[in-house]
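When we follow the working numbering, the leftmost residue of the sequence shown carries the number 41, and every step to the right adds one.
From the three backbone atoms N, C-alpha and C, an ideal C-beta is built for every residue, glycine too.
Computed from a predicted model, the values in this text were never measured in an experiment.
Structure first, commentary second.
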Amino acid sequence: MAEPKQTELMEKIVSLCKRRGFIFQSSEIYGGINGFWDYGPLGSELKRNVKDAWWRDIVHHREDVVGLDATIIMHPTVWKASGHVDTFSDPMSTCRHCKKLIRADQVWEMLPGQAWVQSLAEVCDVATQSFDSQKLIHWAGRKGKNLAPNLALVRNPEVTLSWLAERSADSAKEPVSATEFYQHLATEQMPVTGLITPCPYCGGELTPPRPFNLMFESWAGPVQSDENKVFLRPETAQAIFAQCKNVMDSSRQRPPFGIGQIGKAFRNEITPRNYTFRSREFEQMELEYFIRPDEATRALFGEVATVPDGGHPGDPQPNWGWQAWHRYWVEERVRFYESIGLSRDTLGFHVQQPDELAHYARATVDILFKFPFSKRDEQGELLGEELEGVAARGDFDLTQHEKFSGKPLTVFEDELRSAWALLSPDTVTEMRDDFIETKTRVAIEKKGMSAADAADSARAEAEVFFERLGKGQYLPHVIEPSAGVDRLVLALIANAYAEETVTDDKGKSETRVVLRFHPRIAPVKVGVFPLLKNKPELVAKAMEVRALLQSHVTVFYDDTGAIGRRYRRQDEAGTPFGVTIDFDTLGEKGDELKDTVTLRDRDSMKQERVKISELLGRILPLMQ
Ligand code: GAP
């Protein structure tokens, strides 16, 4: 069941975001459009700061990563090669009654948030399956009629409950689970239909799930024909793979190296939800980090080093295999999140199990953030929702693009050719056997191939792979940290939001709403306030201070209202510093305080006198 407190918190955050200009519903004056959001003045600054911080961290501060800015619409074969045309789909059900489309794998997550489920919980305890038929019939005739008009319990309570009673009385079976309980309430003609999953919106019957491709389609050029069909990219990654060779050749990079890109992605999500968390248009920050296949590393360095789980493995080493690089990037990304204010305890990790892995991945760790709407464990602790996935994609993508484009995408290393020639035949045989065994297992598990077909296909792959290695050539493997900008912005806002009671000098208490953004990502860094707006000398000095700061950081100048109100307004915007210019600044109390201002810290609310000439020295280091 959704925690009311957390729902309330989300409502406050959504309301603040609109009121203060962080996030607006797209096309709001026309009633909005589901799954699309706009960023207002403060939101667009915050988003820009997040992207800049990522770019600095991933691209500028590293010797081994370069950037790319590719188009949203690409050659349609890219999406055939990547597998998106055939497999990028979610299971979709339709409600036979209200006709709403629902993501079938999210029904059980959505139910606890629905008004009819919450109302039903007041008359029966689903967890212990204790219910009183009379109370349920009463509910069905009143609240149920309004909230879930198409639920079988509402349409035909006696018959529906008779099936549930029969099932509950069947001592040979396990007790009724919460899922089965709701299915029973949605099932009227048990022998004909079997158990039915209820529509979260109206309680009606959902159709069996069918795959729904999430890519938005359009046409390039004036003719709307199949040949001209194009897709809005559902991830930025594929452009990096398609341009990998050009980037390597033009920037003289060789594995291990990475290509980073920030840009829009589009997914026609069946049920966009949780505010901006699952949108139809969003931005991604993706790094494709290209490494040698482990066999090449072994040939060059005599071994393939792994690193222990947990903790940062330190600086990259030449003999690292994919496991070490994967762990390294998980920890690098956590370090990044910490550097912009998300402490490790606000994050969580989900190591994907083999049946959860995408078709291209050999391992994925999701980095989670504990959003107010996140699921909880049995102890009531927030579990978190995916902020970023760090996937080990092997050479899946480059293999596919090579196959579909017919262009070789291999890397050549002369040192590898020489090292390979020195390997003993036993070492090569051992590597080949391991390769064939792994590929056979994956083909059986992931592609559902028969053992014989899988082994044939693995042997054919081994042929090409080892022949290339002998010539010093290979297709790079990929580690991919892929983060969503919008999810991160929402996480930063949720993390920063705080309410506290403050008492002024006169003993009056009030609630202060403050966004405790890390200074690096705060939309506005400094508020500049002349004590009074009708004193030209104060205003002139304040403008001088504003000009000084503005060439280095974002500044908000505010001369309206009592100074306390102005502080509160900036607290709500998350501005870490306030600078007040008063009569002391003008030297009215003597030279000692002349050209000093009050510097207020947003979090502690402490104020101190600082020389104007020292302001930048105080503020700038905190933005790095
Ligand atoms: N290239 C790999 C890839 O796209 P993904 O897990 O599908 O992997 C990566 O997406 C990240 O993009 C997610 O962790 C999330 O932060 C963001 N993302 C994905 N779908 C989203 C959506 N509908 N709305 C907002 N962000 C989304």
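| For the ligand GAP, any of its heavy atoms closer than 7 angstroms to the Cβ of E326? | The closest heavy atom of the ligand GAP lies less than 7 angstroms from the beta carbon of E326.
| field | Same chain only: Cβ atoms within 7 angstroms of H399, ignoring 5 sequence neighbours per side | value | Hits under 7 angstroms: G123, T127, K486.
| request: Have a look at the DSSP bridge pairing and note the partners of T316. | output: BP columns for T316 are empty, so no partner.
| query | In the structure shown, what three-state DSSP assignment does N535 receive? | reply | In this structure, N535 counts as helix in the three-state DSSP scheme.
| said: Taking the straight line between their C-alpha atoms, what separation do you get for K443 and T467? | reply: 29 angstroms
| request: Drop a sphere of 10 angstroms on the beta-carbon of R433, count the other beta-carbons inside from all chains shown, and report buried for 16 or more, exposed for fewer. | output: buried
| heavy atom of the ligand GAP below 7 angstroms from A432 C-beta | no
| Straight-line gap, L235 to T543 (C-alpha atoms, nearest Å) | 58 angstroms
| field | Validate contact between the region 638-655 and the region 607-623 using beta carbons, cut 8 angstroms, 3 pairs | value | yes
| task | Grab the span of the alpha helix (DSSP H) containing F475 for me, first residue to last. | result | That run of the alpha helix (DSSP H) goes 465-487.
| Range of the contiguous alpha helix (DSSP H) that encloses W259 | Taken as a continuous stretch (DSSP letters only), W259 belongs to no alpha helix (DSSP H), being part of the beta strand (DSSP E) at 257-259.
| task | Can you say whether P44 is buried or exposed, counting buried as having 16 or more other CB atoms within 10 angstroms of its CB? | result | Note on P44: pLDDT 48, under 50, position unreliable in the model; the coordinate value appears next. Flag for P44 reads exposed.
| field | Rounded separation between L572 and E426 - CA only | value | 48 angstroms
| said: Measuring only the C-alpha atoms, how far is F506 from R273? | reply: 34 angstroms
| task | With a threshold of 7 angstroms, establish whether the CB of P312 neighbours any heavy atom of the ligand GTP. | result | With respect to the ligand GTP, the structure shown offers nothing to examine, as its ligands consist of the ligand GAP.
| field | L82, buried or exposed, once every other Cβ within 10 Å from all chains shown has been counted against 16 | value | buried
| task | Please confirm if the region 470-482 is in contact with the region 368-378, defined as three or more CB-CB distances below 8 angstroms between the two stretches. | result | no
| message | To the nearest angstrom, how far is the alpha carbon of H441 from that of D435? | response | 10 angstroms
| query | So, is S258 buried or exposed, given that buried needs 16 or more other C-beta atoms within 10 angstroms? | reply | exposed
| field | Given 8 angstroms, three or more beta-carbon pairs between the region 351-359 and the region 553-562 | value | Touching, no, given that fewer than three Cβ pairs across the two stretches are closer than 8 angstroms.
| request: Could you tell me whether the Cβ atoms of L340 and E503 are closer together than 8 angstroms? | output: No; because the gap between Cβ atoms is not below 8 angstroms, this pair is not in contact.
| request: Under 8 angstroms by Cβ, that's how I've got H366 and V430 pegged, so tell me the actual separation to the nearest angstrom. | output: That belief holds up - the Cβ atoms of H366 and V430 are roughly 7 angstroms apart, short of 8 angstroms.
| message | Across the region 523-531 and the region 280-288, are there enough close Cβ pairs to call them in contact, namely three or more that are closer than 8 angstroms? | response | Contact between the region 523-531 and the region 280-288 is absent: fewer than 3 CB-CB pairs across the two stretches fall below 8 angstroms.
| Can you tell me the Cα-Cα spacing of I533 and L408, whole angstroms? | Approximately 15 angstroms between the Cα atoms of the pair.
| query | Residues bridged to T543 by DSSP? | reply | S549
| field | Cα-Cα separation, M41 to R318 | value | Unreliable positioning characterises M41 in this predicted model, as indicated by a pLDDT of 39, which lies under 50. The coordinate reading is nonetheless provided below. Using only the alpha carbons, I get a separation of about 20 angstroms.
| Pairwise C-alpha distance: L509 and L449 | 14 angstroms
| Proximity to T594 [Cα-Cα], best of G72, D109, E85, I69 | E85
| said: Quick check: the Cα distance between F569 and R586, rounded to an integer number of angstroms? | reply: 9 angstroms
| Own chain, CB closer than 6 angstroms to A155, minus 5 neighbours either side, in chain order | L187
| task | For R143, I'd like the list of residues in its chain whose CB is within less than 6 angstroms of its CB, leaving aside the five on either flank, ordered along the chain. | result | D130, I310, T311
| field | Residue nearest to E654 in terms of C-alpha spacing, selected from M645, D635, S133, Q647 | value | D635
| Using CA coordinates, which residue listed in T620, G303, P296 is at the minimum distance from I331? | P296
| query | Between D670 and the ligand GAP, is the CB less than 7 angstroms from at least one heavy atom? | reply | The requested residue 670 is not part of the displayed model; the chain covers only 41 to 664.
| said: What does the Cβ neighbour count give for D97, buried or exposed, with the cut at 16 atoms within 10 Å? | reply: buried
| query | Which full runs of the alpha helix (DSSP H) of 4+ residues lie inside the region 391-471, going along the chain? | reply | 436-445, 454-461
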